[in-house]
Each structure stands twice: as structure tokens, then as C-alpha cells.
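Colleague: Got a structure for you, written out below as C-alpha cells; questions coming shortly.
Number of protein chains: 4
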Amino acid sequence: MIQPPKDSAQDIAQRKLGVREKAAQATRASLLKAAIKIFAQYGLDGGSVDKISKAAKSHDRMIYYYFGNKEGLFVAVIEEIYKRFNIAESKLKLDLLDPLRSLEKIVQFILRYYRDHPEFVTLLNIENLHKGKHIGQSSFRDYSSTAIGVIDQVLTTGAQTGVFSTKLKARDLYMMIAALGYFYQSNRYTLSAFLGENLEAKSAFDQWENFVISTVLKTIAPDPSN
Amino acid sequence: MIQPPKDSAQDIAQRKLGVREKAAQATRASLLKAAIKIFAQYGLDGGSVDKISKAAKSHDRMIYYYFGNKEGLFVAVIEEIYKRFNIAESKLKLDLLDPLRSLEKIVQFILRYYRDHPEFVTLLNIENLHKGKHIGQSSFRDYSSTAIGVIDQVLTTGAQTGVFSTKLKARDLYMMIAALGYFYQSNRYTLSAFLGENLEAKSAFDQWENFVISTVLKTIAPDPSN
Amino acid sequence: MIQPPKDSAQDIAQRKLGVREKAAQATRASLLKAAIKIFAQYGLDGGSVDKISKAAKSHDRMIYYYFGNKEGLFVAVIEEIYKRFNIAESKLKLDLLDPLRSLEKIVQFILRYYRDHPEFVTLLNIENLHKGKHIGQSSFRDYSSTAIGVIDQVLTTGAQTGVFSTKLKARDLYMMIAALGYFYQSNRYTLSAFLGENLEAKSAFDQWENFVISTVLKTIAPDPSN
Amino acid sequence: MIQPPKDSAQDIAQRKLGVREKAAQATRASLLKAAIKIFAQYGLDGGSVDKISKAAKSHDRMIYYYFGNKEGLFVAVIEEIYKRFNIAESKLKLDLLDPLRSLEKIVQFILRYYRDHPEFVTLLNIENLHKGKHIGQSSFRDYSSTAIGVIDQVLTTGAQTGVFSTKLKARDLYMMIAALGYFYQSNRYTLSAFLGENLEAKSAFDQWENFVISTVLKTIAPDPSN
DNA sequence: CATGAATGAGCTTTCATTCAT
DNA sequence: CATGAATGAAAGCTCATTCAT
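Read top to bottom, the protein sequences are chains A, B, C and D. Under the numbering used here, the first residue of the first sequence carries the number 1, and numbering increases by one thereafter. Under the numbering used here, the first residue of the second sequence carries the number 1001, and numbering increases by one thereafter. Under the numbering used here, the first residue of the third sequence carries the number 2001, and numbering increases by one thereafter. Under the numbering used here, the first residue of the fourth sequence carries the number 3001, and numbering increases by one thereafter.
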């Protein structure tokens, strides 16, 4: 069997496609989209190639044609959701002259992205359940989003203008924000049983968002002693 | 079919067991132990009853005898890991007269428990992947650990003595600590790819622990305005 | 899954079997019998587990239960046909005092066994097509039939009484007889195209048998010079 | 569908080919060569069109273009290996005035051809496994090599000069030589297990060759009684 | 209390082949 | 002359579960 063209997204955008090639890309894209949905719903083992190809109104066989095997499809899924996250993030407009407000917007963006894209959280959990074996297989080299870089900029600006502490590392701050957003979303089912409270309610989320923002601001506040 | 004894741990401890009942309990316990290991390793779908019964040096049939079916076994697994967590937590000795030190110890306990019991984190992720359907089926009523109660006590004492803010809710503080500990452990594989750093190294963990403690302390610090 | 008892034929014969065990052995035996037929008919790749289990009026699943996998089944098939050959051979009654007649009977036995058991020839061809990988996997240690031993005896007796040459090795004589019988049977289809003659006709076989016997006798005739 | 050129080798050699026809013949030839290799390695069922087209650095589709379907390809393979055998045989130079030496050379040629072209032996076995159905489909009419004719000549000359028996049929002698060479090669894997000896070693082959030659000479020796 | 036997549905993957350019 | 896309069937194998002692 012949390997289909594994062009990157950019290549495809720049090339003029014939009608057959367009249809082919549509098939590939619909399989990928269906895979995201089905894997997020049923897990890697539970999400069968049959369920996916049916959801994409295509055939099992096409998954092997375009992605080699089920694992290759999952690698593509992981790449795709990171790509989407990075695209969304790149649209975030920040005024670096206002580091406090920028940080607030970053926190809001992350928390809301997790809330609005539960499949992102779920698929990342699945990947961690499999010890990150697919992310390692992938040749996609853009996983490290610009997030940390942006936070670093904000942190530096804030430190220079004296509104932020100088001791904080961008990595720690990033992980803190991500953790507080991720855990809320990822563990909402067991947490609900644990806390006896529905975390999917809008009020619960808003309250948590406020808490996270205020906590983050306390964390980056300059040392009072200085 | 004969109903197998579905006694809780307490019941069993209080009763005198005949030699056959002892053997039966040993079979049940070894199946449960194997199930924890296999489910954590392979997931719910990937962890077959065959793998589990073999790991327990028992037979498929016994799983049905003791737990009804595979789902029943997983319910028992979830119960068991919560039970273990609660037992470990109950052994934590806190001096309520020193709320700062108590809080630090709570943070340490949680972060280290997650680190030392990766199967706890993994199995909770699996349960959330399945939208908490097993925790709902369970009749076990002790999921809400005493953790929040303890934090509440510490928080109250701290507020009274003026070392803590009065505005914080125990629930939020608990979730914050849990999130910071859980995310680090649960997502260590994708984070390692993302950050280009091995989070399983001792130094990385120690640094994170210090960061979390200092962040928590900043969060509960009394409002400077007051 | 639990491994079924892999008892040898002897063990089974000596033990008293319950009704369930008898039925189980019947299932295993009928799968093995069907496998011999189907593999000989369709080859290793062409003989699907489905065809075999259906021919045995059993289920795919049972092949995996009793033989592990398809390869395990083929190993058992190879063992079985050798076993059958050895049993047939052991029934051959020879008068060692008449080495000429004994040799003739051996030649007849081999040629006719190949003719009457085409599946033996076919399955051996299949095994050789696969470079003997299954015969190597087998723990069955009785492949080397007693044939060579018998021929050796006949040869020795014949040499002592002066009717046979003293220079012949039993191995060469055995291979010669086997080759002449095997090739005729194994390659009868291409040979028929090649020679334009139907080798499956009784007259053709009889003629060949006579030729082989006379050739063998010439081969073992004592050196005229002596 | 457009009919591809199904020219025989002779036709092609006699015609002057354009550059495109040359390229086409190269594709066809490389597919055929790859098919011989892959079919000999994996069998008819195991040798997929995909494996073959990849080995030929061509595409699945081309097999259908040039050979109709997989079966047509195998027919072409069988034709090709017979063609090659006949070509090699035709290069054998014999001195008919020396029938003894000629016969020796024929035996050597056949045994060594089988040894040096294991794919010939393997593919013939495969064809026999399929009851010769492809050789029957073929329109190639040159399967009956000149071998028998040559042997007949040698036999006649030898009989006239009194060095050979007059009773032997060329067909039987041919089959005898072929059997002794073919069996040794074809069954070397199971024979090795059977005899506990590696038949692929040079010394083993040489010994067998000597044995076959001496046996053949004994077989055709004139009747001592005459 | 435990076990060997059996079952049917489902899994991932590969197959030979055809279609439309 | 060659190719990328698509297809339906069938392959080997594993699954959770039940039956009969």
C-alpha cells in the first residue's frame, strides 16, 4: 500500500489542490475530527476504529490508509489538539504595559479554554495514562506553547515596574495556573462526589475563577519586606 | 447463584473467621490488589479480567464470584483506594495550636501521598474519564475525607489568632492544594514533553513542593490592609 | 484465561476421565482432525481458524483455548501426523532373516503410506515452506522414526549374509527410498504437466513402485568385484 | 480497461522497443522478479500484492495492469522459473560419445540447479500445494524441458555401446534423478530435524551427490546376466 | 469453594481489487 | 503510463461472561 502524503498543515494551505486531493483532505480531516470526539468519549481502548470511521462516515480501512494504524491516529489527535490550543492562545491580545491585567487575562484564557474544550483535558489525561508514549512518537515539535514565554514577559515587565515579585519563575507560575484550571475540569466528577457540589454549574466555575485569579495575584505580589 | 459475602472491612475485622472464610478473604483481597495494579497499568478497558486473575494467581471465575462483574470489581477498587487514602490521612498528627506548621504538613502529606501512590492518581483519572459512574454506584459513603474538616479547623484557628486571612473557604484551599499536587503527578508525562524537564527527578519535586508551600502560605496570609 | 491440560496421549489413556473431560478431549481431537484436513487443503495461510473450527463443528475461540494460537495448532498438527506415521510403521512386521524381502516391504510401506496419506506429504511440504519453524518449536521428541534403525538392521543382516553391499549407509538408503516415494506424490501435479501423464493412475503408481524396488535392490547389491 | 502487452519473451526480443515500451518492460520485469522472491519467501497467500509491489518499488495497481490479478502474476512466475530452468539446461554441453560421463553431468546439473535456485523448488512446491491449477491455466507450452529427450539420447547411445541396460525408460531415470535432488533440497528443514544433521552443509551435499551418481550408475548398469 | 469448558461479540489489521483521474 | 483514493470482506485474536460440575 502507498503512503498518503503526510504534508504539514502549512504545505497544504500553500498548495493548490485538485478536486480529488481536496476530497482526500476532507476524508482525513473528518477522520481526525471524529477520532478526537470518540477517543475523548470512550478512551483509547474503548474508542474503536469502527466507532471512529462510522462517526466520520468513512471506512475502517481509511484510518490505516491515512494514519498507518490506530496508534498513529492517536498521535495525530494529540498533535491536533495541541495545535488548536496554540492557535487559540496566539489570538490572545495582551497589553504588556499592564502586567496585572495581562496575567488576569492569561488565567482567564487557560481556565476557560479547559472548560470549553473538555476533550483537550480528557485526551491529555488519556495520554498520561499511557505514560506519554504517543507524544514521544510524534515528530510534531511545537508542543511547548508560547504560554511560558508570554508569562515570562509579563513577569519581567511586572518585576521591572515593581508590581510583581522578582523571585518567581515563569515555569512555576505557568504550572500553577494550569494545575488550578486543569484539576477543576479533569476531576470534576470525583470532586463532585467528594465535595457534594456540582462543579459544572456556572456559579461554581465563576467562583473558582475568581479564587484562582486572586491567588495568582497574591503569589506574584512583591515581597512586603522589600 | 450463591451470594458471596460482601462484608465491609470493619465487619470482617470484628468477626472471628473460620479457616475457609480466611482463605476466601485472602482470594478476594489478592484479586483486589491485583486489580488495583492492573487497572492502574492498563486502564479499565485494557485491564482484562484475565490479566487480573492471573496476576492474583486466581481464576477469572472468582472475580464474578466475589465482585459480580468487572464493573463491580472496579467499584471495589475505587472504594479501596479512597479507604487507603483516608487511613493514611488519619495517621497525620497535627498540632492545631500551630496552624502555619499544620498547613505545611497537610500540603506535604498530600503532595507526597500522590507522589508515592501513583496508582491512586491514575485510578482517579480513569474514574473521571468514565464520568464518575462507578463512584456513583458505590454504596461506600466515606469518600469525603476528613481533609476538608481538618483544613477548616486549621483555618479557623489561624484566623482567630490573626495569622490567617478570614476570607478563605476550606473547600477552595483544599482544592488548591490538591490541584497543585495532583496535576504535577498526573500530567508528568505530557508536562515533561512540554517543559523539556523530567518532573520525576527528586530535585524537581522538592522545588515544586517548596513553591506550593510558599504559595499556599501567601494565599492564606491575612489581608495586609487589615 | 486458564491453560487447558496439555497432557500427553499416554497420560490421558491411563487416567480415568469424567464425562466433562471426555467431551473436552473430543473437542480438542475434532479440532486437530479438522486442522489436518483444512491445512492440507488450503495451506497454512489459506487454512483459516474459522474454516477449521467450522469443520470441527466448534468455535474459533476453542482453538485458542486448546492450542494457544494458530501456530500452536499447526505445531500440534505436525506432531500428530508424525505420531500417526510412527504408529503405522511400528505395525510393519519384518522377518529379519530375509533381508531382501524385508527391504522390499519397507519400500512398499513408505511408498504406499505417502500415496494413501497425501495430507502427510502436503503438511510436510508446508512445514518446509516455512523453513521448519514449527517442528523446532515442538517439544515432541519422536520425529526420528524407527525407520532408519530398522533399515540399519536389515542392512547389517544382509551384509553379513553376503546378499547386500557392505558399503551402504542406512541414512542414504532411507533418504533414497523416501525421496523416490515423496517426490512422486508431492509433485504429481507439476509432473503430470511436465510428463503429460497422469501419475495418480493405479498403473502409473504400480510401475513406479516396481522401478523403485528394483533400483533399491540394485543399489544395495554387493559389489560384483568382491 | 486497456489491454497491457502480454507479449512473450521472444516477441519482445525481436521487436525494436521505444523508450516508453522499454520503461514499461522494466516495470513488468521488476514486478516479476520481486514476485518470484516474495512468493518463494511467503507463499502464495502470504505473499501479498502489497509486499510484491513494494519490493519492486512500484505500485499495487501495476500488478493489475500487467498481469490482470494476483493469480495471473503467479502464472507468470511459474512460466518464468521454468523458462530459466530450460535456458540453464540448454547451456549444458554433453559429449554423447561418452554416455557415462554425460549422465554424470546431467545428475550434477540437476542437483546443483536445485541447490542454487531454492526459489525454483519452493515455487514448484507451492504450485503442487495448489494442485497445479496455475500451470494448467498457463498458455506457456514449454514446460516439458528437453531433459527427458537428452536422457533418452544418452540412454540409447549407452545401450547401443553396451555400457547401459536396455530395459530402462528415460522417464523413470529422469524422475529418479529429479526426486533424489528435489527431495534433498525441498525437505531439508524437516529432514534436518529428523536426521539430526544439517543438510545445508557443503560436505553433506557433496556426499549426497556422490551417492546419487553412484546409485544412478548402478541403476543403468547392464544386466549382469546378459 | 473452586474450576475447566464453552460462547458470541468485538477487536485491530490486512487482503485483493476497482475507481477516477 | 501511472497514481492516489476508496472499498468490503475476511483475517487472527481477545474480550467479558456463563455453564456444568
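The beta-carbon is built from N, C-alpha and C at its ideal position, and this holds for glycine as well.
In whole angstroms, give me the CA-to-CA distance for L3217(D) and V3049(D).
Modeller: Residue numbering aside, residue 3217(D) sits at position 217 when the fourth sequence is read from its first letter. Residue numbering aside, residue 3049(D) sits at position 49 when the fourth sequence is read from its first letter. Each residue's Cα considered, the two are about 46 Å apart.
Colleague: If contacts are defined as beta-carbon pairs under 8 Å, then S1122(B) and L124(A) qualify, I think. What distance do you get, rounded to the angstrom?
Modeller: In the second sequence, counting from the first residue as 1, residue 1122(B) sits at position 122. In the first sequence, counting from the first residue as 1, residue 124(A) sits at position 124. Looking at the sequence provided, one finds Thr at residue 1122(B) rather than Ser. At roughly 14 Å, the Cβ-Cβ gap does not stay under 8 Å, so T1122(B) and L124(A) are not in contact.
Colleague: Evaluate E2197(C) with the Cβ neighbour count: other Cβ atoms within 10 Å of its Cβ, from every protein chain shown; 16 or more gives buried, anything less gives exposed.
Modeller: Sequence index remark: in the third sequence, residue 2197(C) carries index 197 (1-based). Classification for E2197(C): exposed.
Colleague: For the region 3202-3226 of chain D, list every residue whose C-beta sits within 7 Å of some C-beta in chain C, in sequence order.
Modeller: Against chain C - using a Cβ distance shorter than 7 Å - the residues of the region 3202-3226 of chain D are F3211, T3215, K3218, T3219, P3224.
Colleague: Whole angstroms is fine: what's the gap from V1107(B)'s alpha carbon to T157(A)'s?
Modeller: Locating residue 1107(B) in the second sequence gives position 107, counting from the first residue. Locating residue 157(A) in the first sequence gives position 157, counting from the first residue. Whole-angstrom Cα-Cα distance: 31 Å.
Colleague: Just to make sure I have the definition right: I need the residues of chain C whose C-beta is within less than 8 Å of the C-beta of A3055(D). Which are they?
Modeller: Within the fourth sequence, numbered from 1, the residue matching residue 3055(D) stands at position 55. What A3055(D) touches in chain C: nothing, since even the nearest Cβ is about 18 Å away.
Colleague: Which runs of the alpha helix (DSSP H) at least 4 residues long sit entirely within the region 121-191 of chain A? Give them in chain order.
Modeller: Listed in chain order, the complete alpha helix (DSSP H) runs (minimum 4 residues) inside the region 121-191 of chain A are 133-137, 147-160, 170-186.
Colleague: I'd like to know whether the C-beta atoms of E127(A) and Y1174(B) end up nearer to each other than 8 Å.
Modeller: Taking the first sequence and counting its residues from 1, one reaches residue 127(A) at position 127. Taking the second sequence and counting its residues from 1, one reaches residue 1174(B) at position 174. Contact: no.
Colleague: Please classify L1191(B) as buried or exposed, where buried requires at least 16 other C-beta atoms within 10 Å of its C-beta.
Modeller: Taking the second sequence and counting its residues from 1, the one referred to as residue 1191(B) is at position 191. So L1191(B) ends up on the buried side.
Colleague: Let me make sure I understand the geometry here. Which of I2220(C), Y2184(C), G2149(C) has the alpha-carbon closest to that of Q2207(C)?
Modeller: Within the third sequence, numbered from 1, the residue matching residue 2207(C) stands at position 207. When only C-alpha atoms are compared, the closest one is Y2184(C).
Colleague: So, with DSSP's three-state summary, where would you put K16(A)?
Modeller: Within the first sequence, numbered from 1, the residue matching residue 16(A) stands at position 16. No answer about K16(A) holds up, because its pLDDT of 47 lies below 50 and its placement is not dependable.
Colleague: Helix, strand or coil: which one does DSSP assign to N3210(D)?
Modeller: Walking along the fourth sequence from the start, residue 3210(D) turns up at place 210. In the structure shown, N3210(D) sits in a helix (DSSP, three-state: H, G or I).
Colleague: Cβ of F74(A) within 8 Å of Cβ of H134(A)?
Modeller: Indexing the first sequence from 1 puts residue 74(A) at position 74. Indexing the first sequence from 1 puts residue 134(A) at position 134. Contact flag set, yes.
Colleague: Can you tell which of G3046(D), T3027(D), L3199(D), T3166(D) has the C-alpha that lies nearest to the C-alpha of S3058(D)?
Modeller: Along the fourth sequence, one-based indexing puts residue 3058(D) at 58. With distances taken between Cα atoms, S3058(D) lies closest to T3027(D).
Colleague: Could you tell me if G43(A) is buried or exposed, where buried requires 16 or more neighbouring beta carbons within 10 angstroms of its beta carbon?
Modeller: As a first step, residue 43(A) must be located in the first sequence, where it is residue number 43. Result: buried.
Colleague: What residues in its chain sit with their C-beta under 8 Å from that of R84(A), if we drop five residues either side in the sequence?
Modeller: Counting from one through the first sequence, the residue named residue 84(A) turns up at place 84. Hits under 8 Å: H117, F120.
Colleague: Does any residue of chain D have a CB that is nearer than 8 Å to the CB of R2171(C)?
Modeller: The residue given as residue 2171(C) occupies position 171 in the third sequence. True, the Cβ-Cβ gap to chain D drops below 8 Å.
Colleague: Report back the beta-carbon spacing between V2154(C) and L2096(C) to the nearest angstrom; my notes put them in contact at under 8 Å.
Modeller: What you label residue 2154(C) is simply residue 154 of the third sequence in a count that begins at 1. What you label residue 2096(C) is simply residue 96 of the third sequence in a count that begins at 1. V2154(C) to L2096(C), Cβ: 7 Å. Contact.
Colleague: Which residues of the region 3182-3198 of chain D have a Cβ closer than 9 Å to any Cβ of chain C? Give them in chain order.
Modeller: Answer in chain order: Y3182, F3183, Y3184, S3186, N3187, R3188, Y3189, T3190, L3191, S3192, A3193, F3194, L3195, G3196, E3197.
Colleague: Could you check whether L1094(B) and V1150(B) sit closer than 8 Å to each other, using their CB atoms as the reference points?
Modeller: Walking along the second sequence from the start, residue 1150(B) turns up at place 150. Walking along the second sequence from the start, residue 1094(B) turns up at place 94. Against a cut-off of 8 Å, the Cβ pair of L1094(B) and V1150(B) comes out as a contact.
Colleague: Note down, in chain order, each residue of its chain lying with its Cβ closer than 7 Å to the Cβ of F227(A), except the 5 sequence neighbours on either side.
Modeller: Lying outside 1 to 226, the shown extent of chain A, residue 227(A) is not represented and no answer is given.
Colleague: Cβ of N1125(B) less than 8 Å from any chain A Cβ?
Modeller: By one-based count along the second sequence, residue 1125(B) stands at place 125. Taking Cβ atoms only, chain A reaches closer than 8 Å to N1125(B), which makes this a yes.
Colleague: Run through DSSP, which three-state label would N69(A) get?
Modeller: In the first sequence, the residue the question calls residue 69(A) occupies position 69. Looking at N69(A) - three-state DSSP - the assignment turns out to be coil, as it is neither helix nor strand.
Colleague: Using a Cβ cut-off of 8 Å (strictly closer), state whether T1122(B) contacts chain A.
Modeller: The count along the second sequence starts at 1 and reaches residue 1122(B) at position 122. Taking Cβ atoms only, chain A reaches closer than 8 Å to T1122(B), which makes this a yes.
Colleague: Just to confirm, are D2223(C) and G3046(D) a CB contact at a threshold of 8 Å?
Modeller: Taking the first residue of the third sequence as position 1, residue 2223(C) is located at position 223. Taking the first residue of the fourth sequence as position 1, residue 3046(D) is located at position 46. Going by C-beta atoms, D2223(C) is not nearer than 8 Å to G3046(D).
Colleague: Does chain B have any CB closer than 8 Å to the CB of G132(A)?
Modeller: On the first sequence, position 132 is the one that residue 132(A) refers to. G132(A) counts as touching chain B.
Colleague: Which value, in whole angstroms, describes the spacing of the CA atoms of E3071(D) and I3078(D)?
Modeller: Locating residue 3071(D) in the fourth sequence gives position 71, counting from the first residue. Locating residue 3078(D) in the fourth sequence gives position 78, counting from the first residue. Between E3071(D) and I3078(D), the C-alpha separation is close to 11 Å.
Colleague: Considering only residues of the same chain and omitting the five flanking positions on each side of L2092(C), which have a CB-CB separation below 6 Å?
Modeller: Counted from its first residue, the third sequence places residue 2092(C) at position 92. Taken in chain order, the residues that qualify are F2109.
Colleague: In three-state DSSP terms, what is K93(A)?
Modeller: Translated into positions along the first sequence, residue 93(A) becomes position 93. Residue state, collapsed to three classes: coil.
Colleague: Starting from E1200(B), trace the alpha helix (DSSP H) in both directions and tell me its first and last residue.
Modeller: Taking the first residue of the second sequence as 1, we reach residue 1200(B) at position 200. Counting along the chain, E1200(B) falls outside any alpha helix (DSSP H), and DSSP gives it neither H nor E.
Colleague: Where does P222(A) sit, in a helix, a strand or coil, going by DSSP?
Modeller: Along the first sequence, read from residue 1 onward, the residue named residue 222(A) stands at position 222. Note: P222(A) maps to coil in three-state DSSP.
Colleague: Starting from A1055(B), follow the alpha helix (DSSP H) in both directions and report where the run begins and ends.
Modeller: Counting from one through the second sequence, the residue named residue 1055(B) turns up at place 55. Unbroken alpha helix (DSSP H) run through A1055(B): 1049-1055.
Colleague: With a threshold of 8 Å between beta carbons, is G3275(D) in contact with chain C?
Modeller: In the structure displayed, chain D extends from 3001 to 3226; residue 3275(D) sits before or after that span and is not available.
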